[in-house]
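J.: At position 245 of the sequence shown (counting the first as 1) the number is 1605 in this note's numbering, and the numbers step up by one without a gap.
A virtual CB, placed ideally from N, CA and C, is assigned to each residue, including glycine.
Note that the coordinates shown come from a computational prediction; the quantities given were computed from them, not determined experimentally.
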Amino acid sequence: MQRKVLWSVLATVVAGAFWLGFGRSERKVAAVRYLDDMFGTIKVRKDVQYGAALGAKGANEILYLDVYFAQGDTAKKRWAILYVHGGGFFAGDKGSSSAVSLCTALARKGYVVLSLNYRLLGFVPDESTYEQGIELGAADVRAAIRFARANNEMFRIDPERIAVYGGSAGGGHVDGVYNQAYDSSNVSTPGTSGDPNAVAESSGPVSADVGYIEPGEWPLYIVHSPDDSTVAFSHAQRLAAQAQAAGIDYATWFPAMSGDCAHALLHPLCAQNEIIISLTNFIYWHFIF
């Protein structure tokens, strides 16, 4: 409990410090990999197939991801972040401008970033059908984790330091990774664990199921604005309550935002920079030990 309280305080302090203009770049300290910008040129290996599965309409779908990494980086076991885009479960793409901006920024800090496309519903869901979208995407996220872990030497990533992060519908998918029942619809790369080592989400819708987060599971970071009119703040509250009930390590940041930015936190003109700072701090202090 003490650690969870500490992390909630730390996340708030880190985010608040940035808002006040006291980021690491303004302090006279040595640059730290995974927290600060370490590299300039970022390369992208596009459309790497990580799996295949039946889509919402019954047709087989080939699933691809893009891999972002720093040119000239010689480290052999790099930390990885799987990024899951938003789009209401029926739209969105790993190549969107906001996805590219976020993944590039994270790669500059030394992460290998895998930005994935996943199975979409093909229709606009409502309250009675959005959980079908969560299930498909969550299974694909776990398949992408298995792919990354099984190919860790090729990508030069640490198989024990793989985080997942998603926003909006992508946040719903990474939340769904905790629900083991969702894993069965995509069995690509069998024989390898699809468990992440850390989970982070912003503005994500949460399954109505309760109790699917199990004791001993992975640390969780929840970002959600109370002013969000697209995905109600109650989703974040429900997720935090589950994390607390399971006794897992978790932290929250609930910033007050206005207009479209209350939901579109990841947009470069909204809170993307602040999310990157607090997200990388959360990952760093869980992975460094």
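May I ask you to verify whether the region 1538-1546 touches the region 1564-1583, counting CB pairs closer than 8 Å and requiring at least 3?
T.: The region 1538-1546 vs the region 1564-1583: in contact.
J.: In whole angstroms, give me the CA-to-CA distance for A1622 and P1586.
T.: Your numbering for residue 1622 matches position 262 in the sequence shown. Your numbering for residue 1586 matches position 226 in the sequence shown. Whole-angstrom Cα-Cα distance: 8 Å.
J.: Tell me whether D1500 is buried or exposed, calling it buried when 16 or more other Cβ atoms sit within 10 Å of its Cβ.
T.: Taking the first residue of the sequence shown as position 1, residue 1500 is located at position 140. Buried, because 16 or more other Cβ atoms sit within 10 Å of the Cβ of D1500.
J.: According to DSSP, simplified to helix, strand and coil, what is N1420?
T.: Start at 1 with the first residue of the sequence shown, and residue 1420 comes out as number 60. Here N1420 sits in strand by DSSP.
J.: Let's see if you can read the secondary structure: which residues bound the alpha helix (DSSP H) around A1523?
T.: As a first step, residue 1523 is located in the sequence shown; it is residue number 163 there, counting from the start. Run containing A1523: none in the alpha helix (DSSP H); it sits in the beta strand (DSSP E), 1517-1527.
J.: Could you check how far apart the C-beta atoms of L1626 and Q1632 are, in whole angstroms? I think they sit under 8 Å.
T.: Residue 1626 sits at position 266 when you count from the first residue of the sequence shown. Residue 1632 sits at position 272 when you count from the first residue of the sequence shown. With a Cβ gap of about 5 Å, L1626 and Q1632 count as contacting.
J.: Alpha helix (DSSP H) containing Q1602: first to last residue?
T.: The sequence position of residue 1602 within the sequence shown is 242, counting from 1. Note, Q1602: alpha helix (DSSP H), 1594-1606.
J.: With contact counted as at least three CB pairs below 8 Å, one residue from each stretch, are the region 1482-1494 and the region 1509-1516 in contact?
T.: In short, these stretches do not touch, since the Cβ pair count stays below three.
J.: If we count the other Cβ atoms within 10 Å of its Cβ and call it buried at 16 or more, is E1634 buried or exposed?
T.: Reading the sequence shown from its first residue, position 274 is the one you call residue 1634. Buried: at least 16 other Cβ atoms inside 10 Å.
J.: CA-CA distance, F1382 and F1647?
T.: By one-based count along the sequence shown, residue 1382 stands at place 22. By one-based count along the sequence shown, residue 1647 stands at place 287. With a pLDDT of 42 at F1382, under the threshold of 50, the predicted position of this residue should be treated as unreliable, though the coordinate-derived value follows. Their Cα atoms are separated by approximately 24 Å.
J.: Rounded to whole angstroms, what is the Cα-Cα separation between V1408 and G1455?
T.: Indexing the sequence shown from 1 puts residue 1408 at position 48. Indexing the sequence shown from 1 puts residue 1455 at position 95. Going by the C-alpha atoms only, they are around 13 Å apart.
J.: DSSP state of Y1644, grouped into three classes?
T.: Counted from its first residue, the sequence shown places residue 1644 at position 284. Here Y1644 sits in helix by DSSP.
J.: Consult DSSP for F1649 and reduce its assignment to one of helix, strand or coil.
T.: Walking along the sequence shown from the start, residue 1649 turns up at place 289. Looking at F1649 - three-state DSSP - the assignment turns out to be coil, as it is neither helix nor strand.
J.: State the start and end residues of the unbroken beta strand (DSSP E) segment that holds V1444.
T.: Walking along the sequence shown from the start, residue 1444 turns up at place 84. First-last of the beta strand (DSSP E) with V1444: 1438-1444.
J.: Closest by CA to V1473, which one among Q1602, I1402, V1583?
T.: Residue mapping note: residue 1473 aligns to position 113 of the sequence shown, counting from 1. Of the listed residues, the one whose Cα sits closest to V1473 is I1402.
J.: Can you tell me whether V1484 is buried or exposed, with buried defined as 16 or more other CB within 10 angstroms of its CB?
T.: Numbered from 1 along the sequence shown, position 124 holds the residue referred to as residue 1484. Classification of V1484: exposed, given that the 10 Å Cβ count is below 16.
J.: Can you check whether the CB of D1609 is closer than 8 Å to the CB of P1579?
T.: Position 219 of the sequence shown, counting from 1, holds the residue named residue 1579. Position 249 of the sequence shown, counting from 1, holds the residue named residue 1609. Taking 8 Å as the Cβ cut-off, P1579 and D1609 qualify as a contacting pair.
J.: Answer with buried or exposed for P1550, where buried requires no fewer than 16 other C-beta atoms within 10 angstroms of its C-beta.
T.: Taking the first residue of the sequence shown as position 1, residue 1550 is located at position 190. Exposed, because fewer than 16 other Cβ atoms sit within 10 Å of the Cβ of P1550.
J.: Check L1626 in the structure and name its three-state DSSP category.
T.: Counting from 1 along the sequence shown, the entry for residue 1626 is found at position 266. Correct three-state label for L1626: coil.
J.: If contacts are defined as beta-carbon pairs under 8 Å, then S1475 and Y1443 qualify, I think. What distance do you get, rounded to the angstrom?
T.: Indexing the sequence shown from 1 puts residue 1475 at position 115. Indexing the sequence shown from 1 puts residue 1443 at position 83. Indeed they touch by this definition, with Cβ atoms about 5 Å apart.
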